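Each residue of the sequence shown is one higher than the last, beginning at 449 in our numbering.
Worksheet for the structure shown next.
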Amino acid sequence: MKHQAGITMVQLTDDGNADAAVERMPRYFEEARQAGSDIVVFPEYVLGNRISTQHPRVQRFLALAREHGIYAIAGMVETHGDKWATTALVADREGNLLGRAMKSHPACGPGPHWWPPMAGSDSEARGILGHQFKVFHLDFGPIGILQCYDGYFPESWGCMSFEGAEIVLWIN
449 MKHQAGITMV QLTDDGNADA AVERMPRYFE EARQAGSDIV VFPEYVLGNR ISTQHPRVQR
509 FLALAREHGI YAIAGMVETH GDKWATTALV ADREGNLLGR AMKSHPACGP GPHWWPPMAG
569 SDSEARGILG HQFKVFHLDF GPIGILQCYD GYFPESWGCM SFEGAEIVLW IN
């Protein structure tokens with residue numbers, strides 16, 4: 449039987465220093481655990497820019513999930529060879545990388561619609577874009593993750609709901 453999920457959302461800025469942001473994470477994991485949360489959610493890009501899942505910041509994030517026995521989500525720009533993707537990592541309670549959600553809609557180009565990309569200046573449009581809205585089946589229920597511009601499209605929310613997500617977390 450599912451229970452009502454406890455969720456801790458953290459607004460954590462890095463001021464351009466992802467190492468400092470990750471150094472501040474243990475406090476938030478501890479507070480989330482003490483509050484009875486099942487999951488702690490950090491912002492998009494908090495783990496850093498153009499790094500792999502083997503990077504020490506990512507490994508520290510996974511270790512914190514294991515130490516506190518709590519699911520966790522954090523964003524980064526993940527390298528894929530010479531390409532990159534805006535990625536949200538999902539850690540399970542044992543600190544394993546359960547999966548990743550990749551941003552599907554690049555926020556690029558002139559406002560107000562941020563499309564089409566401007567030649568040569570919109571790096572986000574040149575990265576790897578997600579092509580599905582994944583649902584992660586956690587022990588307290590199914591969740592979906594949206595990042596940044598993805599949340600402005602009702603179809604994004606609808607796709608996850610149709611796939612069974614009962615909770616949609618929008619990191620930004």
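Yeah, the Cβ is synthetic: ideal placement off N, Cα and C, and Gly gets one too.
Quantities reported herein were computed from a predicted structural model and do not represent experimental measurements.
Tell me the residue span of the beta strand (DSSP E) that contains residue i.
i      : result
Val583 : Val583 to Leu586
Glu526 : Tyr519 to His528
Trp532 : Lys531 to Ala539
Gly589 : Gly589 to Gln595
Ile615 : Ile615 to Ile619
Compare the Cα-Cα distances from residue i to each of the options and report the closest residue.
i      : options                           : result
Gly661 : Thr501, Val470 and Gly454         : Given that the chain is displayed from residue 449 to residue 620, the structure contains no residue 661 and the question cannot be resolved.
Asn620 : Val489, Ala480 and Arg475         : Val489
Ser485 : Gln459, Trp563 and Ile518         : Ile518
Tyr531 : Pro565, Thr461, Glu572 and Gly606 : Residue identity differs from the one stated: residue 531 is Lys in this sequence, not Tyr. That would be Glu572, whose Cα lies nearest to the Cα of Lys531.
Asn544 : Pro565, Pro474, Asn497 and Ala520 : Ala520
Ala468 : Met457, Gln459, Val494 and Arg481 : Val494
Ile615 : Leu594, His553, Asp598 and Pro554 : Leu594
Arg574 : His585, Leu586, Pro554 and Trp563 : Pro554
What does the alpha-carbon distance come out to for the pair residue i and residue j?
i      : j      : result
Ala453 : Ser609 : 17 Å
Ala511 : Pro558 : 40 Å
Ser604 : Lys551 : 11 Å
Leu617 : His561 : 23 Å
Glu478 : Cys556 : 37 Å
Glu471 : Gly589 : 29 Å
Ala483 : Cys596 : 27 Å
Cys607 : Gly464 : 33 Å
Asp587 : Asn497 : 30 Å
Glu611 : Gly578 : 16 Å
Val458 : Pro491 : 7 Å
For a quick check, are the C-beta atoms of residue i and residue j less than 8 Å apart?
i      : j      : result
Ala613 : Val583 : yes
Glu436 : Ala533 : Nothing can be reported for residue 436, as the shown portion of the chain is limited to 449 through 620.
Arg505 : Ala549 : no
Tyr536 : Gly523 : Residue 536 is actually Ala in this sequence, not Tyr. Contact: yes.
Phe509 : Met566 : no
Ile499 : Ile455 : no
Assuming residue i contacts residue j (C-beta within less than 8 Å), just tell me the rounded distance between them.
i      : j      : result
Ile576 : His528 : 6 Å
His516 : Arg481 : 5 Å
Gly592 : Phe601 : The pair is not a contact, with the Cβ atoms about 13 Å apart (cut-off 8 Å).
Assuming residue i is part of the alpha helix (DSSP H), what are its boundary residues?
i      : result
Ala511 : Pro504 to His516
Trp605 : Pro602 to Phe610
Met400 : Not covered by the structure: residue 400. The range shown for the chain is 449 to 620.
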